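Using the numbering used here, the first residue of the sequence shown is number 377, and each one after it goes up by one.
Ideal Cβ positions, reconstructed from N, Cα and C, are used throughout, including at glycine.
Note that the coordinates shown come from a computational prediction; the quantities given were computed from them, not determined experimentally.
Have a look at the structure below before the remarks.
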Amino acid sequence: MKLICYSLAFVFILGVSCKSQSYEKTASGIKITIDSTVVEVQFYTPGIVRVIKSLPGETVEKKSLSVVKEAEAVPLNVTESDSTISLLSNVLTVKVNTKTGEVSYLSANGDALLTEKAGSTAFTRFNDAGNETYSVKQSFTLDPNEAIYGLGILQNGKMSQRNQKVHMVQNNTWDFSTFFQSVKGYGLFWDNYSPTDFTDNEAGTEFASEVGDCIDYYFMYGKNADGVVAEMRDLTGKVPMFPLWTYGFWQSRERYKTQDETVGVVEKYRELGVPLDGIIQDWQYWGDNYHWNGMSFLNPGFPEPQKFVDEVHNLNAHLIISIWASFGPETPQYKELKEKNMLMDFQTWPQSGKDIWPPDMNYPSGVQVYDAFNPEARDIYWEYLDKGLFSLGIDGWWMDSTEPDHLDFKPKDFDNKTYLGSFRKMRNAFPLETVGGVYDHQRQVSSDKRVFILTRSGFAGQQRYGCNVWSGDLGSSWDSFRNQIPAGLNFTLIGNPNFNSDIGGFFAGAYNKSWSDGTAAKNPLFQELYVRWLQYGVFTPMMRSHGTDMKREIYYFGKQGEPVYDAIANAINLRYSLLPYIYTTSWDVTSNNSSFMRALVMDFPADQKVWDMNSEYMFGQSLLVAPVMNAQYTPEKVVKVDEASGWNKGNAKTKEGFPAVDFTEVKSSPVYLPEGTAWYDFWTNEKFDGGQEIAKETTINTTPVYVKAGAILPIGPKVQYATEKKWDNLEIRIYEGADGEFTLYEDENDNYNYEKGVYSTITFKWIDANKTLTIGKRNGEFPGMLTERTFNIVLASKDKAKGNEIVSQPDKALTYSGDEVVVKL
377 MKLICYSLAF
387 VFILGVSCKS
397 QSYEKTASGI
407 KITIDSTVVE
417 VQFYTPGIVR
427 VIKSLPGETV
437 EKKSLSVVKE
447 AEAVPLNVTE
457 SDSTISLLSN
467 VLTVKVNTKT
477 GEVSYLSANG
487 DALLTEKAGS
497 TAFTRFNDAG
507 NETYSVKQSF
517 TLDPNEAIYG
527 LGILQNGKMS
537 QRNQKVHMVQ
547 NNTWDFSTFF
557 QSVKGYGLFW
567 DNYSPTDFTD
577 NEAGTEFASE
587 VGDCIDYYFM
597 YGKNADGVVA
607 EMRDLTGKVP
617 MFPLWTYGFW
627 QSRERYKTQD
637 ETVGVVEKYR
647 ELGVPLDGII
657 QDWQYWGDNY
667 HWNGMSFLNP
677 GFPEPQKFVD
687 EVHNLNAHLI
697 ISIWASFGPE
707 TPQYKELKEK
717 NMLMDFQTWP
727 QSGKDIWPPD
737 MNYPSGVQVY
747 DAFNPEARDI
757 YWEYLDKGLF
767 SLGIDGWWMD
777 STEPDHLDFK
787 PKDFDNKTYL
797 GSFRKMRNAF
807 PLETVGGVYD
817 HQRQVSSDKR
827 VFILTRSGFA
837 GQQRYGCNVW
847 SGDLGSSWDS
857 FRNQIPAGLN
867 FTLIGNPNFN
877 SDIGGFFAGA
887 YNKSWSDGTA
897 AKNPLFQELY
907 VRWLQYGVFT
917 PMMRSHGTDM
927 KREIYYFGKQ
937 GEPVYDAIAN
947 AINLRYSLLP
957 YIYTTSWDVT
967 SNNSSFMRAL
977 VMDFPADQKV
987 WDMNSEYMFG
997 QSLLVAPVMN
1007 AQYTPEKVVK
1017 VDEASGWNKG
1027 NAKTKEGFPA
1037 VDFTEVKSSP
1047 VYLPEGTAWY
1057 DFWTNEKFDG
1067 GQEIAKETTI
1077 NTTPVYVKAG
1087 AILPIGPKVQ
1097 YATEKKWDNL
1107 EIRIYEGADG
1117 EFTLYEDEND
1127 NYNYEKGVYS
1137 TITFKWIDAN
1147 KTLTIGKRNG
1157 EFPGMLTERT
1167 FNIVLASKDK
1177 AKGNEIVSQP
1187 DKALTYSGDE
1197 VVVKL
């Protein structure tokens, strides 16, 4: 897609003194020159509008990196009054004030949605690394009480992003996308990749970017949050499905130092009978820092790479491996990219060739970031990745530092040239391009294995590239933990449904007796934090334990029969019992633009109490999750064992010297149940009316989960890995009190045949008035599909609850062979 923009060498602010000229109709809207600014309005769909503002003069080309959609032919009614040109589709009205240049947006029935602030359009000329261009900004006027969401993964703990200023430059723990959506049902994508300030205050809501040859943004009206997400994905790309195995439990550590150690972790999980689907090999399997990211096993601890991969697979587990956006000077990638001038010169990780902290700069590593904006550089990246790792059968990619790491920042670093302009101009889109390069190349060479990428940064449109974005190297603290719910929800609301975090936080050393002695797994302060974070992780798109300073495998926390160990095991088993529900949700995300983690405002917009709620969310369409986000048994402040504190004094001690804690003591946690439906406690089946706050009794083994009345919930078998057993004996739970519907999705669990319609669905419908369940005729088929199975139907009620047990006694067991079945309960 190309756009012609124009430049003129002065500072210009579009204000009230502008002189109107006649407008020109275009194929998708209008173009009008108001004084010295060209304003173009383009309808992409009836509900998506692009606005481009430029200055007459020298032509410049711009290609959008995020937007993949071409404008549709949209029937429009264009009218003109004294000072207004109105463009009407069947969804949206756009008005351009021909005196001020102000653009405003209204719904088809005339409800005001958003208005540009008059006089706020600004172009400020400057020289960007030898290129004459502009800084650009545009302000908008929002209603005083209007909640807005999005902007990416933000570690500020806020749900609504009003009343703040955010400097948007990708970094380790903050991932930015220049997009927000409103509780009024519209979204706005500011299509710019340079460092950008988002500001919301009494003066207005503004995007101001350091580099912009023109102002370029998209307004979309979806009527509700799901509608806005759907339009953002229509504009910037749909979400492909991940394999079923990615939704199991993942164990990781910084880092496993030999292939035997990595394989040994999987063997230990199998020995203990604790489910596991994935193991992650972190950095330095390539050897020293001068061979950084060599994409080959040069470390003596990994002498037989093919055997390594095969052993993991033979244990019915999957392996993903660390790759980076930078290369050490002794790698062939570095040498080839250097020769072709495809590396950037600024400080990145690791800075030293010696593996010590702090870095010894007497031995600089020479590691440099590659130019991911260059298609030839992306080809080179994949060539080595394919030859060195993909050919071994490795299952997915841990693309670390995709923001990328930018250390000891100097403004001149942004003068680095990329294929598409200065690094300053392209900065925030780096993760989009480097992740997209791997996805596109793997899709070209293989359809048998779905692309799965775990990565540390994201930008608008990245949802189309088969990636799950994690929230970076967080400190291990309750504050960091609490920030993850709104971080994940706001990321979801920009259109990317795939979010996860390091369970327990990355830097856990403060919980050790000494920083790196690894004792935190026995420290009750960390145990409580870790278990609560893990329980939250059950209800995220990827459940992944990872961090440094200690070992986090379940067997370091104790043994079976001990409260902490059992709580960890029960959380993992709960995740696996929900796989039929989670995998169906994955299909719903891909096919119907749904979301895994759903801010309560998405499903209950009429309940204003949830507009700014940052502690609860829906997981899929049926489950309300209210994780315990505050310490109940230990202090939140890290307390050293030898500190004189009231918590330590007089307490019994464990054999490791930590204070003993009774994690079985009953506590309580507040839960708000949104209005408009009744709710069932997932564990007790106790029923509650919505629109109230309740106190949920908990121990360390309980996380508050509630099921919406009318929900139909499939419960899977007890397994050691996701595909161990077929879903031939599913429990189907019915939650009375409203009509309900659920469509169970199944396919081959991997490969891209689902894109060709190779899958099946079975729709369950519950009519509450006459207590009738209809199991519809199976639609579709795929190789290996079950032709006959048992459904165990359970009406949720208190007398069937079994505390933390997942299975229930069925009210009716029936055989299903693909034809419609009607059951009266």
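What is the rounded straight-line gap between the Cα of tyrosine 1048 and the Cα of tryptophan 854? 20 Å
Kindly indicate which residue of Val443, Gly842, Tyr757 has the alpha-carbon position closest to the one of tyrosine 1128. Gly842
Under 8 Å by Cβ, that's how I've got lysine 471 and serine 462 pegged, so tell me the actual separation to the nearest angstrom. 5 Å
So valine 986 and leucine 976 are supposed to be a Cβ contact under 8 Å. How far apart are they, rounded? 4 Å
Limits of the unbroken alpha helix (DSSP H) element including glutamate 752: 751-764
Assuming phenylalanine 552 contacts asparagine 804 under a Cβ cut-off of 8 Å, what Cβ separation, rounded to an integer in Å, is found between them? The Cβ separation is near 6 Å, so the contact holds.
Residue of Val642, Met926, Thr1078 minimising C-alpha distance to valine 688: Val642
What did DSSP end up calling glutamate 938 once you bin it into helix, strand or coil? coil
May I ask you to list the residues that DSSP assigns as paired with serine 526? It is worth fixing the name first, because residue 526 is glycine in this sequence and not serine. Answer is Phe556.
What do you get for phenylalanine 419, buried or exposed, if any count of 16 or more other CB atoms within 10 angstroms of its CB means buried? buried
Can you give the beta carbon distance from isoleucine 881 to phenylalanine 857, rounded, assuming they're within the 8 Å contact cut? Residue identity differs from the one stated: residue 881 is glycine in this sequence, not isoleucine. At roughly 7 Å, the Cβ-Cβ gap stays under 8 Å, so glycine 881 and phenylalanine 857 are in contact.
Throw me the rounded Cβ distance for the isoleucine 948 and proline 651 pair, which I believe falls under 8 Å. 5 Å
Please state whether DSSP places methionine 720 in a helix, a strand or coil. strand
To which residues of the same chain is aspartate 1104 closer than 7 Å at the C-beta, ignoring the five residues directly before and after it? Leu1162, Arg1165, Thr1166
Host beta strand (DSSP E) of tryptophan 774 (start-end): 772-775
Alpha helix (DSSP H) segment containing lysine 644, residue limits: Element bounds for lysine 644: 635-648.
Just reading off the beta strand (DSSP E) that phenylalanine 499 is part of, what are its end residues? Annotation for phenylalanine 499: the continuous beta strand (DSSP E) segment containing it runs 498-504.
Run through DSSP, which three-state label would glycine 563 get? strand
When you compare the CB positions of phenylalanine 915 and valine 1001, do they come within less than 9 Å of one another, or not? yes
Would you mind reading off the limits of the alpha helix (DSSP H) that contains lysine 801? It spans 799-802 - the alpha helix (DSSP H) in which lysine 801 sits, taken as one unbroken run.
Check this for me: beta carbons of asparagine 874 and phenylalanine 972, under 9 Å apart or not? yes
Among all the DSSP beta bridges, which residues are the ones paired with cysteine 843? Ile829
Can you give the beta carbon distance from valine 425 to valine 414, rounded, assuming they're within the 8 Å contact cut? Not a contact, Cβ separation roughly 16 Å.
Distance, alanine 693 Cα to serine 585 Cα: Inter-residue distance for serine 585 and alanine 693 is about 45 Å (C-alpha atoms, whole angstroms).
Assuming threonine 1075 and valine 1042 form a contact by the criterion Cβ under 8 Å, report the distance between their Cβ atoms to the nearest whole angstrom. 6 Å
If you run the structure through DSSP and keep just helix, strand and coil, what is lysine 395? With a pLDDT of only 43 at lysine 395, under the threshold of 50, the placement of this residue in the model should not be trusted; the figure read from the coordinates follows. Of the three classes helix, strand and coil, the one that applies to lysine 395 here is coil, per DSSP.
So, is glycine 1052 buried or exposed, given that buried needs 16 or more other C-beta atoms within 10 angstroms? exposed
Using the DSSP secondary-structure output, state which residues sit across from leucine 901 in a beta bridge. By DSSP's assignment, leucine 901 forms no beta bridge with any residue.
Would you list the residues sitting across from threonine 517 in a DSSP beta bridge? Thr491
Whole-Å CB distance - aspartate 781 paired with threonine 724, under 8 Å assumed: 5 Å
Which ranges does the beta strand (DSSP E) cover as unbroken runs of at least 3 residues, wholly within the segment 414-477, from first to last along the chain? 424-430, 434-438, 453-456, 460-464, 468-473
Starting from glutamine 815 and walking both ways along the alpha helix (DSSP H), at which residues does that stretch end? The sequence as given places tyrosine at residue 815; glutamine does not occur at that position. Run containing tyrosine 815: 806-821, per the alpha helix (DSSP H) assignment.
Straight-line CA distance for serine 515 to phenylalanine 574? 10 Å
Might you give, ordered along the chain, the residues of its own chain that have their beta carbon closer than 7 Å to the beta carbon of aspartate 504, omitting 5 neighbours on each side? Closer than 7 Å at Cβ, skipping near neighbours: Val587, Ser798, Arg800, Lys801.
Spatial distance of isoleucine 879 from proline 900 (CA atoms): 16 Å
Residue from Asn669, Glu779, Asp824, Tyr661 with nearest C-alpha to proline 676: Tyr661
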